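Here is the structure we will look at, set down as structure tokens.
Protein chains: 2
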Amino acid sequence: MPVNIFPLLPGHLLPVEGITLGIAEAGIKKPNRKDLLVMLLDEGTQVAGVFTQNRFCAAPVIVAKQHLMQSSTRALVVNTGNANAGTGETGIQHAVATCAELARLVGCTAQQVLPFSTGVIMEPLPVDRIVAGLPAAVANCKTDNWFGAAQAIMTTDIVPKAASRQVQIDGKTVTITGIAKGSGMIRPNMATMLGYVATDAVISHDSLQALVRSAADRSFNRITVDGDTSTNDAFIVLATGKAGHREITRQDSAEYGLLQAAVTTVAADLAKMIVRDGEGATKFITVQVDAGKDADECVKVAYAIAHSPLVKTAFFASDPNLGRILAAIGYAGIDDLDVSGIQLYLDDVLVAEQGGRALNYCEEDGQRVMNQSEITVHVVLNRGSASTTVWTCDFSYDYVKINASYRS
Amino acid sequence: MPVNIFPLLPGHLLPVEGITLGIAEAGIKKPNRKDLLVMLLDEGTQVAGVFTQNRFCAAPVIVAKQHLMQSSTRALVVNTGNANAGTGETGIQHAVATCAELARLVGCTAQQVLPFSTGVIMEPLPVDRIVAGLPAAVANCKTDNWFGAAQAIMTTDIVPKAASRQVQIDGKTVTITGIAKGSGMIRPNMATMLGYVATDAVISHDSLQALVRSAADRSFNRITVDGDTSTNDAFIVLATGKAGHREITRQDSAEYGLLQAAVTTVAADLAKMIVRDGEGATKFITVQVDAGKDADECVKVAYAIAHSPLVKTAFFASDPNLGRILAAIGYAGIDDLDVSGIQLYLDDVLVAEQGGRALNYCEEDGQRVMNQSEITVHVVLNRGSASTTVWTCDFSYDYVKINASYRS
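These protein sequence lines map, in sequence, to chains Y and R. Following this note's numbering, the numbering of the first sequence begins with 20 at its first residue and continues without gaps. Following this note's numbering, the numbering of the second sequence begins with 20 at its first residue and continues without gaps.
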């Protein structure tokens, strides 16, 4: 069961001027489900993205990166049910063919289309079914279709993931709306499998590219469900430039700061929804590491805790078996770590210090926090001033069940 | 259920001259179980060990390392039920007190005793119960007690783990007998939680220390159950020098090579037993990575596969969802990996090459191998001449069950 995600109402999502979305049933893996999404962008929309660092990256990732470099972007096409990953040269051809057909339908070049796929790895993409489904998706395009789009990109997700926000820039109202999907194979390294955030802000391409990286590093790049980095991760920010304020061209401007904060908030909301809907999740865990020497060591400690199957099963059981967290900190890879200097808190409860259990810690306090559905693990390293936060979920029977039966 | 470990018969284990073992019920965590082991060593026994790299290493690990440096060793004491880890300064005092009491009973100094603990982390060691149990353990000491010792060090282990072997050196028969425990929190980094191998070989201390490192790197340091490195890992080799051959003093000698091979075989047998008895294991998986540029990248690829929850749940389900293995290779951290050059085999079945599914691969062949209880994943990187082998198990409902209820 997803942890504390409340049903999203279509009306909560604000359209972004300059972008329409259309969905269709292409029958890619299963019949009678929306599995194809087309997004059409007005001319002049700036597009920037970050993609998976997995060396076995999927064909659509390779093609989308090429197309982004070659041309301005006018359309995105997303299919679920098949990742078109581990499909070699044929996979590339299938991704290009999908782009070419959408380009023909909407009147642009194939290079102006970015392809995305999600689903099972190492099976041939049913490109004929996608091509056959494209006209219906194009015909369905409208501005207020974000909720349908969020549904169309789901795979093992239980709930659709979307968020909207507005911010005032230069006296104008700027809208930001985003959707994402993902619940397993989640340990993004650049971005997660399919996050799209659109805004009508006016921003140069260089500034937008800087913004997408920084937003990813504070959202999708700080979540993990199972530590498996997907072959298909992509996080894309679209800026249509319709909001009417002066163009943002400098990363040291106040306007850039406002937009970056708003986009990062939407991206972090989406990223946390992915964790809340993590496969089999029953708890939402925030791992906050403070007072590290540098960000790198904070990240190491946070992920050691967030990836430990022993820590995650203890959360599932609501068992304050907190020595497992100490063990994870100990093997995080900080060679000169002095464990006697560390404090470990569970929410507000001081659990360990001076290399052992805190004097005033009692099991009842630990149990009280462990019983909650949302828990913060707070580690104070006392080595410097760097911090990081990572979000994850627990590890349950249902994770095994879902992943032992994903293809059947 | 442990995977293909056959019941060990007490008679299979050969005594090692110069070593006696005694066990007792100390009631450390639960009543009516053997939870205390004492090993007494004849004078002149060489002792070498490798210990966990976890920075939160347990109090007995700190004390054992100090004692090993300070003095010759005459006794070992092992308790289960409590790891004496994450226990701060008090934990150190408890470990030293245990050594002092055993020293008093057998007539040596506290520095000549090495302490070991395994069990729950961050709870105070019930040192009084251990001290009270020591006389019975000492009284029980005898040479043919290896089977009882293997039983006494179990925690969540289902089967006791032990192995014996003999080798001819310099015209003399040399005996090697070892015991080990462990089934969860298994990703040794130096050695696993409690592996002891004893031999009557005659070998200098320097040569024995080199041998223990090399044996660990080919056995305990190549297994993983859940990727969690324990706070208490220790692998100890004892050499009593009773076999009567000339002392081995050079690592380039034929005699050293013979002994090293035999000790490594016993250690690898024990390490594989730990994986076969991995918590919830239903399959035994060998991950063999060949033709890497160096050992480091082979190890990275092997562990990326062996730690992936998605790969491990697919094995549990006997589902040839083999794209998950490609994804794990892709995120293993080899920056310049050309995925089109890799071959992936499942036993003898070529699954993937040239970046995608192999032309002749068919699902039936993959399914046939996945149905087996023992499977080899074979990755050929085609980048060089380095190789490594890692052993692991699948990831089942029972892993979650065992670890969600370990303390109750």
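Here a beta-carbon is modelled for each residue, glycine too, at the ideal position from N, C-alpha and C. In this text, all values refer to a predicted model and were calculated from it rather than measured experimentally.
- Every alpha helix (DSSP H) of 4 residues or more that sits fully in the stretch 295-374 of chain Y is shown, in chain order, as 314-326, 328-335 and 342-349.
- For a cut-off of 8 Å, the C-beta gap from G197(R) to L121(R) is around 22 Å, too long to register as a contact.
- Two segments are said to touch when three or more pairs of C-beta atoms, one from each, lie closer than 8 Å; by this definition the stretch 181-201 of chain Y touches the stretch 215-224 of chain Y.
- In this structure, S136(Y) is the residue among A104(Y), S136(Y), G107(Y) and G105(Y) with its C-alpha nearest to the C-alpha of C118(Y).
- Among the residues of the stretch 412-424 of chain Y, those with a Cβ less than 8 Å away from any Cβ of chain R are F414, S415, Y416, Y418, V419, K420, N422, A423 and S424, in the order of the chain.
- For E266(Y), same chain residues with a beta-carbon under 8 Å away, outside a window of 5 residues either side, are V221, I222, S223 and G260 in chain order.
- The Cβ atoms of I188(Y) and E274(Y) sit closer than 8 Å to each other.
- Between the alpha carbons of T71(R) and T250(R) lies a distance of about 6 Å.
- Three or more beta-carbon pairs separated by less than 8 Å link the stretch 72-86 of chain Y to the stretch 97-107 of chain Y, which places the two stretches in contact.
- DSSP places G214(R) in the strand class (E or B) of the three-state scheme.
- Under the three-state reduction of DSSP output, R148(R) falls in the helix class.
- Closest option to G152(Y), judged by alpha-carbon separation, among A405(Y), I47(Y), A253(Y) and N240(Y): I47(Y).
- Judged by beta-carbon spacing, L230(Y) lies within the 8 Å limit of V282(Y), meaning their Cβ atoms are closer than that value.
- Nearest Cα to V150(Y) within the set D355(Y), R93(Y), I255(Y) and R123(Y): R123(Y).
- The residue among V318(R), F335(R) and T64(R) with its C-alpha nearest the C-alpha of I348(R) is V318(R).
- Taking C-beta separations shorter than 6 Å and ignoring five residues to either side along the sequence, the partners of P21(Y) in its chain run I177, V178, R295 and D296, following chain order.
- If only uninterrupted alpha helix (DSSP H) runs of at least 4 residues are considered, none is enclosed by the stretch 111-151 of chain R.
- Following the DSSP letters along the chain, one finds I421(Y) inside the alpha helix (DSSP H) bounded by residues Y416 to A423.
- For the pair V308(R) and Y418(Y), the Cα-to-Cα distance works out to about 28 Å.
- For V96(R), no alpha helix (DSSP H) segment is defined; the enclosing uninterrupted segment is the beta strand (DSSP E) at A94 to N101.
- Note that the C-beta distance between T174(R) and G138(R) is below 8 Å.
- Identification of residues in the stretch 62-74 of chain R having a C-beta nearer than 9 Å to some C-beta of chain Y yields T71, Q72, N73 and R74, given in sequence order.
- Residue pairing by DSSP puts M58(R) in a beta bridge opposite L40(R) and L95(R).
- Every beta strand (DSSP E) stretch that sits fully inside the stretch 231-277 of chain R and reaches 3 residues is listed by chain position as 253-258.
- Segment contact: the stretch 62-69 of chain Y against the stretch 334-344 of chain R, fewer than three CB-CB distances shorter than 8 Å; contact not assigned.
- Judged by DSSP secondary structure, R402(R) falls outside any alpha helix (DSSP H); it is assigned neither H nor E.
- Here E393(R) is near N23(R), since their CB atoms are less than 8 Å apart.
- Under the three-state reduction of DSSP, G385(Y) is assigned to helix.
- Take the alpha-carbon of G214(Y) and the one of D252(Y): they are about 8 Å apart.
- The contact set of L378(R) on chain Y, defined by CB atoms closer than 8 Å, is empty, because the minimum CB distance reaches about 10 Å.
- By the Cβ criterion, the stretch 311-327 of chain R is in contact with the stretch 394-409 of chain R, since at least three pairs of Cβ atoms, one from each stretch, lie closer than 8 Å.
- By DSSP's assignment, I81(R) forms no beta bridge with any residue.
- Between the stretch 360-378 of chain Y and the stretch 81-92 of chain R, the count of C-beta pairs closer than 8 Å stays below three; the two stretches do not touch.
- Annotation for A169(Y): the continuous alpha helix (DSSP H) segment containing it runs W165 to A171.
- Excluding sequence positions up to five before and after I421(R), its CB lies within less than 8 Å of the CB of T175, G203, E298 and G299, all in the same chain and listed in chain order.
- Its chain contains no residue whose beta carbon lies nearer than 6 Å to that of L378(R) once the 5 sequence neighbours on both sides are disregarded.
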